[in-house]
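Going by full-length UniProt numbering, the sequence shown opens with residue 1, and the numbers climb by one from there.
Worksheet: one structure, shown below.
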Amino acid sequence: DHILCHILSFLPTKYAAASSVLSTRWRYLWASIPVVDIDASQHREFYPILNINVNRTSDIAFQNFVSRVLLLNGAPHIQKLRLIYDCCRNPGTIQTWFNVAITRNIQELELDLFSSMRGEFVKLPRKLFTSSSLLVLRLSRMPLDVPSLVCLPRLKILELRRITYLD
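Right, dumping it as structure tokens:
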């Protein structure tokens with residue numbers, strides 16, 4: 001199972017979860033992968049097939065999917081969380097995802113959180129800026145409020161793209 005989990009960790013979470021139909025042995029294997037890679041645009045490709053309108057309902061369904069993936073993940077720690085999401089209608093839910101990742105000693109965090117809604121943005125938790133496990137931090141298309149105290153002793157890579165700094 002270790003080798004299968006390693007192979008599945010290279011796939012986006014959506015495809016790793018889809019592998020559960022291959023056999024009963026693979027059914028819950030995807031939930032043990034320490035890599036969570038979710039791109040909202042890939043999920044929306046299936047909305048027309050499933051007769052789901054791209055609106056608030058589908059956004060809530062996507063948020064529920066991500067919440068379940070993070071909460072049901074059985075890996076001892078989350079090695080990587082990659083999240084590309086272009087809507088922040090419920091910043092509190094997204095902050096919960098970050099808190100789960102931080103408490104699970106995340107090593108690599110990649111966020112692209114573009115919001116077309118004015119005034120709505122996701123605020124990164126203060127705990128993220130003092131994480132002792134974070135090695136890689138990549139942030140794109142989001143406002144960033146950096147606290148006065150930042151201590152990331154293991155950080156090796158920091159990438160900031162199209163970031164708006166808040167006062």
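Every residue gets a Cβ at the ideal spot worked out from N, C-alpha and C, and that includes glycine.
Proximity to residue 11 across 24, 140 and 39 peaks at 39, based on C-alpha coordinates.
Judged by their CB atoms, residue 99 and residue 125 are nearer to each other than the 8 Å cut-off.
Looking at 162, 85, 114 and 136, the one whose alpha-carbon comes closest to that of residue 102 is 136. For residue 156, no beta strand (DSSP E) run applies, since DSSP gives it neither H nor E. If you draw a straight line from the Cα of residue 80 to the Cα of residue 134, it is about 10 Å long. Secondary structure of residue 59 (DSSP, three-state): helix. Setting aside the 5 residues that flank it on each side, residue 63 is surrounded in the same chain by 90 and 93, each with a C-beta closer than 7 Å to its C-beta; the list follows chain order. Between residue 97 and residue 67, the C-beta gap is smaller than 8 Å, which places the two residues in contact. Assignment of beta-bridge partners to residue 85 by DSSP yields no partner. With fewer than 16 other Cβ atoms from the protein chains shown falling within 10 Å of its own Cβ, residue 153 counts as exposed. Using a 10 angstroms sphere on the CB of residue 41, the tally of other CB atoms stays under 16, which defines it as exposed. Per DSSP, reduced to three states, the secondary structure at residue 28 is coil, with no helix or strand assignment. Taking the Cβ atoms as the reference, residue 19 lies roughly 6 Å from residue 8, within the contact range of under 8 Å. Between residue 69 and residue 95, the C-beta gap is not smaller than 8 Å, which leaves the two residues out of contact. Secondary structure in the stretch 87-134: the beta strand (DSSP E) runs of 3 residues or longer, each lying completely within the stretch, are 108-112 in chain order.
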